[in-house]
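J.: Taken in order, these protein sequences are the chains called A and F. Numbering of the first sequence is given in this note's numbering, commencing with residue 1022 and proceeding in unit increments. Numbering of the second sequence is given in this note's numbering, commencing with residue 511 and proceeding in unit increments. Note that the Cβ used here is the ideal one computed from N, Cα and C, for glycine as well. Treat the numbers as computed from the prediction; the structure is a model and nothing was measured.
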Amino acid sequence: AQSVAQPEDQVNVAEGNPLTVKCTYSVSGNPYLFWYVQYPNRGLQFLLKYITGDNLVKGSYGFEAEFNKSQTSFHLKKPSALVSDSALYFCAVRDNSNNDMRFGAGTRLTVKP
Amino acid sequence: KAGVTQTPRYLIKTRGQQVTLSCSPISGHRSVSWYQQTPGQGLQFLFEYFSETQRNKGNFPGRFSGRQFSNSRSEMNVSTLELGDSALYLCASSLVEGGPVYGYTFGSGTRLTVV
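1. Determine the extent of the beta strand (DSSP E) in which residue 1096 of chain A is found, giving its start and end residues.
2. On the three-pair Cβ rule with 8 angstroms, is the stretch 584-591 of chain F touching the stretch 1098-1110 of chain A?
3. Return the chain-ordered list of same chain residues with a C-beta closer than 6 angstroms to the C-beta of residue 609 of chain F, the five sequence neighbours on each side being excluded.
4. Looking at the secondary structure, which residues open and close the beta strand (DSSP E) in which residue 619 of chain F lies?
5. Name the DSSP bridge partner or partners of residue 1043 of chain A?
6. Let's test the definition: count the other Cβ atoms within 10 Å of the Cβ of residue 593 of chain F and tell me whether it reaches 16, buried, or not, exposed.
7. If we count Cβ pairs, one from each stretch, closer than 8 angstroms, do we get three or more for the stretch 518-526 of chain F versus the stretch 1033-1045 of chain A?
8. I'd like to know whether the C-beta of residue 609 of chain F is nearer than 8 angstroms to at least one C-beta of chain A.
9. Interface residues of chain A around residue 555 of chain F at Cβ under 9 angstroms?
10. For a test of the three-state rule: what should DSSP assign to residue 1083 of chain A, helix, strand or coil?
11. Suppose you measure from the CA of residue 539 of chain F to the CA of residue 606 of chain F; what does that come to, to the nearest Å?
12. Can you tell me which of the three DSSP states residue 1105 of chain A falls into?
13. How about residue 1067 of chain A: is its C-beta nearer than 8 angstroms to some C-beta of chain F?
14. Judging by CA-CA distance, which residue of F/556, F/624 and F/535 is the nearest neighbour of residue 571 of chain F?
15. Rounded to the nearest angstrom, what separates residue 1062 of chain A and residue 1032 of chain A at their Cα positions?
16. Looking at the C-beta of residue 618 of chain F, does it have a partner C-beta in chain A at a distance below 8 angstroms?
Right, here's the structure in full:
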């Protein structure tokens, strides 16, 4: 069965510094990988996806993620963090052999001024 | 175009009661999935509907059920509510069944509190 892990419950960075939110996955077959962001009292918003092709995926709000097949990772990155990036971030994987979609436990990102 | 609409936004129910939540997907989207979000368990998949048929189901008891109408609107029902059912219930729509190339579009959720 597929699974996704976000090893950090909390990530703190200073505004203007680069940020990384980690995600590793385990699936059979080729994964579809996603990142979503959730602001307080809101649903999840799609940030970016990896289906195939270039391992570096660019998404909304200046975020990008790098797919690394050998390390089974899909870390979310941003070169310069903003205070407004503070939110809960979820990594998700879709196993296309059974159409299941699994979310990680989430990582709370706090960007301090 | 309008996003995914979930109603109501907030709900307070008593243990033992039942509740029905509603989700209207983005126009043209035919797949609707439901998730339960709690601080302890994170996001857990409930079920997915496509063309009025349940296509996939998560590991939840039979008290949790759903349906989809011909206009793709979906409802989920929870009977005999328990305190542990308190959660944010999220609905997500996508254009096609199963592997959504563009990912889901989520609604803002219904926050259910069972007292």
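T.: Quick answer:
1. 1094-1099
2. no
3. The predicted model places residue 609 of chain F with a pLDDT of 45, which falls under 50 and marks its position as unreliable; any figure quoted below should be read in that light. Once the five neighbours on either side are set aside, residue 609 of chain F has no close Cβ partner at all.
4. First-last for residue 619 of chain F: undefined, no H or E at that position.
5. Note: residue 1043 of chain A sits in no beta bridge, so no partner.
6. exposed
7. no
8. Low confidence applies here, because residue 609 of chain F scores a pLDDT of 45, under 50, leaving its location unreliable; read the following figure in that light. Judged by the 8 angstroms Cβ criterion, residue 609 of chain F is in contact with chain A.
9. 1121, 1122, 1123 and 1124
10. helix
11. 7 angstroms
12. helix
13. yes
14. F/556
15. 20 angstroms
16. yes
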